[in-house]
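Numbering (my numbering), first residue to last: 1181 to 1420.
For glycine and all other residues, C-beta sits at the position ideal for the given N, C-alpha and C.
For clarity, every value in this text was computed on a predicted model and none was experimentally measured.
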């Protein structure tokens, strides 16, 4: 999840509190020591209780080579070291948990039986024209034969992309110049079905045709276990 650190005209800095709420990490801001859910972006304790950070659309998880191709002048965060040695970031310390059927660090009892607890889904939320928020979960099992889904949520036309090999996920508005287009996936591109226009998977930019240079708007999304998504957003719908 990625959030803007600006709130009510102020910029905040954040750290990891070491606490959990509903089996998920809590952040804290250094300025007021309020505790924030990293899933919802809402402050749940402290002077800023009830405030929400604005979610931002993050780039998909992709191979370094593909990233360099699209952003050759990018900056790279330094690799953390401990006692002068690089930590082993290739080892997943949660591997046993991912392989188990335990839901949450504490093995909570909460269950929404619409899907198995440990089903992986893409969680999407959109703002509707009337100012409400709608939520939908897209099970990754839908992406075994295709990498894209064209859908509409709350009146917003969506393009959902997921690559099962790299685990890359991206969600875009699929309307261009006021029209809702339908896309398919070919090699390294989205292809608009009516015009054949190709769009860059990483940047969402049209790279051919009369719409060359236009960009699809990227929307916030998260790969998450079903039990966690449903616990925070029980009103969520599921893509069938």
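Exercise for the section: Can you give me the Cβ contacts of residue 1402 inside the same chain, cut-off strictly under 6 Å, excluding the 5 residues immediately before and after it? Expected result: The count along the chain shown starts at 1 and reaches residue 1402 at position 222. Cβ neighbours of residue 1402 beyond the five flanking positions: 1181, 1303.
Exercise for the section: Buried or exposed for residue 1411, please, with buried defined as at least 16 other CB atoms from any protein chain shown within 10 angstroms of its CB. Expected result: Counting from 1 along the chain shown, the entry for residue 1411 is found at position 231. It counts as buried.
Exercise for the section: May I ask you to list the residues that DSSP assigns as paired with residue 1183? Expected result: Within the chain shown, the letter at position 3 stands for residue 1183. Answer is 1235, bridged to residue 1183.
Practice task
Look at the Cβ atom of residue 1240, then the Cβ atom of residue 1348, and state whether they are nearer than 9 Å.
Solution key: Residue mapping note: residue 1240 aligns to position 60 of the chain shown, counting from 1. Residue mapping note: residue 1348 aligns to position 168 of the chain shown, counting from 1. The answer is yes: Cβ separation under 9 Å.
Exercise for the section: Pull up the CB-CB distance for residue 1333 and residue 1316, whole angstroms please, since I reckon it's below 8 Å. Expected result: The residue you call residue 1333 lines up with position 153 of the chain shown. The residue you call residue 1316 lines up with position 136 of the chain shown. Correct: roughly 5 Å between the Cβ atoms.
Exercise for the section: Going by CA-CA distance only, name the one from 1373, 1296, 1199 that's closest to residue 1365. Expected result: Reading the chain shown from its first residue, position 185 is the one you call residue 1365. The candidate whose alpha carbon is nearest that of residue 1365 is 1373.
Handout entry: Where the beta strand (DSSP E) containing residue 1216 begins and where it ends
Key = Here residue 1216 refers to the residue found at position 36 when the chain shown is read from its first residue. Element bounds for residue 1216: 1215-1217.
Exercise for the section: Have a look at residue 1423 and residue 1393 and give me their C-alpha separation to the nearest angstrom. Expected result: It is not possible to answer for residue 1423, since the shown part of the chain is limited to 1181 through 1420.
Practice task
Indicate the three-state DSSP secondary structure (helix, strand or coil) for residue 1407 in the structure shown.
Solution key: For the purposes of this step, residue 1407 is taken as the residue at position 227 of the chain shown. Helix at residue 1407.
Exercise for the section: Reducing DSSP to helix, strand and coil, say where residue 1323 ends up. Expected result: Residue 1323 sits at position 143 when you count from the first residue of the chain shown. Helix.
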